[in-house]
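Visitor:
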Amino acid sequence: MIKEIEKSIINANLEILDYFEKSLKKEDFSYSNQIGFGGDNSLKIDLIFEDIFIKNLKDFGNIFSEECGFIDFKKEFTFIIDPLDGSNNFSSNIPYFGTSVAVKKGEEIIAGFVCNLANKTLVYRVLDEDIKYFCLNSKKYIEKIFLEDSKVAIFERAYDYPEVSKVLKDNKIKFRSLGATALSLANAKDYKFVLFIGDLREFDLAAGMFISKDLFILKDKNSLFLSKYEDVFLHFKEIIKDF
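Counting in the numbering used here, the sequence shown runs from 23 upward without gaps.
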(Lines of atoms letter the chains of each structure in order from A and count residues from 1; the text may use other names and numbers.)
(Lines give C-alpha, C1' and ligand atoms only; values in the text may rest on other atoms or scores of the structure.)
Protein backbone atom coordinates (compact mmCIF):
# COMPACT_ATOMS: atom_id res chain seq x y z
CA MET A 1 0.00 0.00 0.00
CA ILE A 2 2.73 2.51 0.91
CA LYS A 3 4.39 2.10 -2.49
CA GLU A 4 1.06 2.82 -4.19
CA ILE A 5 0.67 5.91 -2.02
CA GLU A 6 4.20 7.04 -2.90
CA LYS A 7 3.44 6.68 -6.61
CA SER A 8 0.13 8.55 -6.28
CA ILE A 9 1.72 11.50 -4.46
CA ILE A 10 4.42 11.73 -7.13
CA ASN A 11 1.73 11.60 -9.84
CA ALA A 12 -0.26 14.35 -8.10
CA ASN A 13 2.80 16.60 -8.07
CA LEU A 14 3.46 15.83 -11.74
CA GLU A 15 -0.13 16.82 -12.55
CA ILE A 16 0.22 20.02 -10.52
CA LEU A 17 3.46 20.91 -12.31
CA ASP A 18 1.78 20.24 -15.66
CA TYR A 19 -1.03 22.64 -14.70
CA PHE A 20 1.49 25.20 -13.50
CA GLU A 21 3.46 25.07 -16.75
CA LYS A 22 0.63 24.71 -19.29
CA SER A 23 -2.68 25.91 -17.86
CA LEU A 24 -1.93 28.71 -15.39
CA LYS A 25 -4.20 31.73 -15.83
CA LYS A 26 -4.16 35.24 -14.43
CA GLU A 27 -7.31 34.58 -12.42
CA ASP A 28 -5.55 31.73 -10.60
CA PHE A 29 -3.62 34.41 -8.73
CA SER A 30 -6.81 35.98 -7.37
CA TYR A 31 -8.53 35.12 -4.11
CA SER A 32 -11.56 32.89 -4.00
CA ASN A 33 -14.57 33.59 -1.80
CA GLN A 34 -13.49 30.76 0.49
CA ILE A 35 -11.72 31.09 3.84
CA GLY A 36 -9.62 27.97 4.23
CA PHE A 37 -9.62 25.72 7.27
CA GLY A 38 -6.24 27.23 8.21
CA GLY A 39 -7.88 30.66 8.51
CA ASP A 40 -6.44 32.31 5.39
CA ASN A 41 -8.33 33.45 2.32
CA SER A 42 -7.66 30.79 -0.31
CA LEU A 43 -6.20 31.64 -3.68
CA LYS A 44 -8.00 29.96 -6.58
CA ILE A 45 -4.79 28.07 -7.30
CA ASP A 46 -4.84 26.66 -3.73
CA LEU A 47 -8.20 25.06 -4.48
CA ILE A 48 -7.11 23.76 -7.89
CA PHE A 49 -4.05 22.07 -6.41
CA GLU A 50 -6.07 20.73 -3.49
CA ASP A 51 -8.56 19.14 -5.88
CA ILE A 52 -5.69 17.42 -7.71
CA PHE A 53 -4.41 15.94 -4.45
CA ILE A 54 -7.88 14.82 -3.37
CA LYS A 55 -8.50 13.14 -6.73
CA ASN A 56 -5.21 11.23 -6.53
CA LEU A 57 -5.31 10.30 -2.84
CA LYS A 58 -8.93 9.82 -1.77
CA ASP A 59 -8.87 6.08 -2.52
CA PHE A 60 -6.00 5.60 -0.07
CA GLY A 61 -6.89 7.75 2.91
CA ASN A 62 -8.67 10.62 4.62
CA ILE A 63 -7.80 14.18 3.64
CA PHE A 64 -6.78 16.87 6.12
CA SER A 65 -5.98 19.97 4.08
CA GLU A 66 -5.26 23.59 4.86
CA GLU A 67 -8.11 24.63 2.58
CA CYS A 68 -10.98 22.13 3.05
CA GLY A 69 -10.19 20.81 6.53
CA PHE A 70 -10.85 17.13 7.30
CA ILE A 71 -12.60 14.83 4.84
CA ASP A 72 -13.31 11.46 6.42
CA PHE A 73 -13.24 8.55 3.98
CA LYS A 74 -13.08 6.04 6.84
CA LYS A 75 -9.54 5.01 5.90
CA GLU A 76 -6.52 3.87 7.87
CA PHE A 77 -4.28 6.60 6.44
CA THR A 78 -4.70 10.38 6.57
CA PHE A 79 -2.96 12.85 4.24
CA ILE A 80 -2.01 16.19 5.80
CA ILE A 81 -1.82 18.57 2.86
CA ASP A 82 -0.70 22.10 2.18
CA PRO A 83 -1.58 22.32 -1.53
CA LEU A 84 0.48 25.50 -2.01
CA ASP A 85 3.26 26.17 0.47
CA GLY A 86 4.46 29.75 0.02
CA SER A 87 1.31 31.08 -1.64
CA ASN A 88 2.38 34.71 -1.11
CA ASN A 89 5.62 33.94 -2.91
CA PHE A 90 3.65 32.31 -5.70
CA SER A 91 1.34 35.30 -6.09
CA SER A 92 4.35 37.65 -6.11
CA ASN A 93 6.38 35.66 -8.67
CA ILE A 94 9.02 34.81 -6.07
CA PRO A 95 10.43 31.41 -7.11
CA TYR A 96 10.16 29.60 -3.77
CA PHE A 97 6.87 27.75 -3.39
CA GLY A 98 5.56 24.22 -3.64
CA THR A 99 3.41 21.51 -2.12
CA SER A 100 3.52 19.52 1.10
CA VAL A 101 1.99 16.14 1.97
CA ALA A 102 2.52 14.14 5.16
CA VAL A 103 1.18 10.60 5.45
CA LYS A 104 -0.26 9.63 8.83
CA LYS A 105 -1.12 6.09 9.92
CA GLY A 106 -3.13 6.17 13.10
CA GLU A 107 -1.38 8.82 15.20
CA GLU A 108 2.05 8.42 13.58
CA ILE A 109 3.56 10.29 10.64
CA ILE A 110 5.15 7.65 8.39
CA ALA A 111 6.12 9.68 5.30
CA GLY A 112 6.67 13.23 4.12
CA PHE A 113 6.70 14.68 0.59
CA VAL A 114 7.63 18.29 -0.18
CA CYS A 115 7.84 19.59 -3.74
CA ASN A 116 9.57 22.76 -4.89
CA LEU A 117 7.57 23.72 -7.97
CA ALA A 118 10.05 26.46 -8.88
CA ASN A 119 12.98 24.08 -9.36
CA LYS A 120 10.74 21.06 -10.08
CA THR A 121 12.24 18.83 -7.41
CA LEU A 122 10.38 16.57 -5.00
CA VAL A 123 12.14 15.64 -1.75
CA TYR A 124 10.61 12.89 0.33
CA ARG A 125 11.13 10.19 2.92
CA VAL A 126 9.06 7.07 3.53
CA LEU A 127 9.30 5.23 6.87
CA ASP A 128 12.99 4.88 7.81
CA GLU A 129 14.30 4.96 4.26
CA ASP A 130 16.88 7.50 3.13
CA ILE A 131 15.71 10.85 1.79
CA LYS A 132 15.01 10.76 -1.94
CA TYR A 133 15.23 13.56 -4.49
CA PHE A 134 13.09 13.22 -7.60
CA CYS A 135 13.24 15.51 -10.65
CA LEU A 136 9.73 16.11 -11.95
CA ASN A 137 11.04 17.14 -15.37
CA SER A 138 13.12 14.05 -16.11
CA LYS A 139 11.06 11.75 -13.86
CA LYS A 140 14.33 10.39 -12.49
CA TYR A 141 15.91 10.29 -9.06
CA ILE A 142 18.88 12.57 -8.55
CA GLU A 143 21.93 12.58 -6.29
CA LYS A 144 22.11 15.75 -4.26
CA ILE A 145 25.44 17.37 -3.38
CA PHE A 146 25.65 18.45 0.26
CA LEU A 147 28.25 20.91 1.50
CA GLU A 148 29.78 20.35 4.92
CA ASP A 149 30.01 24.05 5.78
CA SER A 150 26.61 25.69 5.36
CA LYS A 151 26.98 29.47 5.39
CA VAL A 152 23.41 30.68 5.89
CA ALA A 153 20.54 29.88 8.26
CA ILE A 154 16.82 30.17 7.55
CA PHE A 155 14.53 32.07 9.94
CA GLU A 156 10.96 31.84 8.70
CA ARG A 157 8.70 34.70 9.85
CA ALA A 158 11.74 36.68 11.00
CA TYR A 159 9.84 39.90 10.26
CA ASP A 160 7.52 39.18 13.22
CA TYR A 161 10.36 38.71 15.71
CA PRO A 162 12.87 41.57 15.47
CA GLU A 163 14.23 40.85 18.95
CA VAL A 164 15.24 37.31 17.93
CA SER A 165 16.62 38.63 14.64
CA LYS A 166 18.81 41.04 16.62
CA VAL A 167 20.14 38.22 18.80
CA LEU A 168 21.10 36.26 15.68
CA LYS A 169 22.70 39.35 14.13
CA ASP A 170 24.64 40.08 17.32
CA ASN A 171 25.98 36.52 17.17
CA LYS A 172 27.08 37.13 13.56
CA ILE A 173 24.64 34.55 12.16
CA LYS A 174 23.63 35.21 8.56
CA PHE A 175 20.05 34.23 7.85
CA ARG A 176 17.28 34.52 5.29
CA SER A 177 13.48 34.43 5.56
CA LEU A 178 12.29 32.59 2.45
CA GLY A 179 8.54 32.38 2.99
CA ALA A 180 7.74 28.68 2.51
CA THR A 181 8.07 26.77 5.77
CA ALA A 182 7.62 23.22 4.48
CA LEU A 183 10.27 23.75 1.80
CA SER A 184 12.72 25.17 4.34
CA LEU A 185 12.17 22.33 6.83
CA ALA A 186 12.40 19.60 4.19
CA ASN A 187 15.72 20.99 2.95
CA ALA A 188 17.16 21.83 6.38
CA LYS A 189 20.31 19.83 5.63
CA ASP A 190 21.29 22.55 3.17
CA TYR A 191 21.44 25.25 5.84
CA LYS A 192 23.20 26.08 9.09
CA PHE A 193 19.80 25.76 10.74
CA VAL A 194 16.09 26.40 10.18
CA LEU A 195 14.12 28.38 12.76
CA PHE A 196 10.37 28.89 12.72
CA ILE A 197 8.46 30.90 15.33
CA GLY A 198 4.69 31.26 15.33
CA ASP A 199 1.61 29.08 15.08
CA LEU A 200 2.88 25.50 14.70
CA ARG A 201 0.32 24.10 12.25
CA GLU A 202 0.49 20.51 11.03
CA PHE A 203 0.00 21.66 7.44
CA ASP A 204 3.23 23.66 7.59
CA LEU A 205 5.39 21.30 9.64
CA ALA A 206 4.45 17.61 9.44
CA ALA A 207 5.99 16.63 6.10
CA GLY A 208 9.15 18.73 6.39
CA MET A 209 9.83 17.64 9.95
CA PHE A 210 9.50 13.98 9.02
CA ILE A 211 11.94 14.38 6.14
CA SER A 212 14.45 16.07 8.46
CA LYS A 213 13.73 13.92 11.51
CA ASP A 214 17.35 12.79 11.92
CA LEU A 215 18.59 16.34 12.61
CA PHE A 216 18.97 17.98 16.01
CA ILE A 217 15.51 19.34 16.82
CA LEU A 218 14.23 21.70 19.49
CA LYS A 219 10.45 22.22 19.60
CA ASP A 220 8.16 23.97 22.06
CA LYS A 221 4.63 25.35 21.89
CA ASN A 222 5.43 28.17 19.44
CA SER A 223 8.89 27.56 17.97
CA LEU A 224 10.85 24.97 16.06
CA PHE A 225 14.60 24.72 15.46
CA LEU A 226 16.46 22.17 13.31
CA SER A 227 20.15 21.83 12.56
CA LYS A 228 22.49 19.16 11.24
CA TYR A 229 25.23 20.53 13.52
CA GLU A 230 25.26 19.60 17.21
CA ASP A 231 27.44 22.59 18.14
CA VAL A 232 25.07 25.00 16.36
CA PHE A 233 22.13 23.37 18.13
CA LEU A 234 23.75 23.76 21.55
CA HIS A 235 24.83 27.33 20.81
CA PHE A 236 21.32 28.27 19.75
CA LYS A 237 19.86 26.83 22.95
CA GLU A 238 22.28 29.02 24.91
CA ILE A 239 21.69 32.31 23.07
CA ILE A 240 17.88 32.11 23.22
CA LYS A 241 17.49 30.84 26.78
CA ASP A 242 16.12 34.22 27.90
CA PHE A 243 13.38 34.32 25.26
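Glycine residues also receive a C-beta, built at the ideal position from the N, C-alpha and C atoms.
In the DSSP output, which residue or residues are listed as bridge partners for residue 198?
Guide: In DSSP, residue 198 forms a bridge with 176.
Visitor: May I ask which residues mark the beginning and end of the beta strand (DSSP E) holding residue 107?
Guide: First-last of the beta strand (DSSP E) with residue 107: 99 to 107.
Visitor: Based on Cα-Cα distance, which residue from 69, 156, 200 lies nearest to residue 146?
Guide: The option with the nearest alpha carbon to residue 146 is 156.
Visitor: I need the straight-line Cα distance from residue 81 to residue 27, nearest angstrom please.
Guide: One C-alpha to the other measures close to 10 angstroms.
Visitor: Would residue 118 and residue 133 qualify as a contact pair, given that the criterion is a beta-carbon distance under 9 angstroms?
Guide: Cβ atoms of residue 118 and residue 133: not closer than 9 angstroms.
Visitor: What are the start and end residues of the alpha helix (DSSP H) that includes residue 229?
Guide: Its alpha helix (DSSP H) spans residues 224 to 233.
Visitor: For residue 202 versus residue 128, is the C-beta distance shorter than 9 angstroms?
Guide: Against a cut-off of 9 angstroms, the Cβ pair of residue 128 and residue 202 comes out as no contact.
Visitor: Helix, strand or coil: how does DSSP classify residue 183 here?
Guide: Note: residue 183 maps to coil in three-state DSSP.
Visitor: Which runs of the alpha helix (DSSP H) fall wholly inside the region 64 to 142 and span at least 4 residues, in chain order?
Guide: List check, alpha helix (DSSP H) in window: 66 to 79, 109 to 113.
Visitor: Leaving out the 5 sequence neighbours to the left and right, which residues in its chain are closer than 6 angstroms to residue 208 when beta-carbon positions are compared?
Guide: Hits under 6 angstroms: 136, 145, 230, 233.
Visitor: Looking at the unbroken beta strand (DSSP E) that takes in residue 241, where does it start and where does it end?
Guide: That run of the beta strand (DSSP E) goes 238 to 241.
Visitor: I'd like the span of the alpha helix (DSSP H) that includes residue 44, first residue to last.
Guide: Segment 24 to 44, the alpha helix (DSSP H) holding residue 44.
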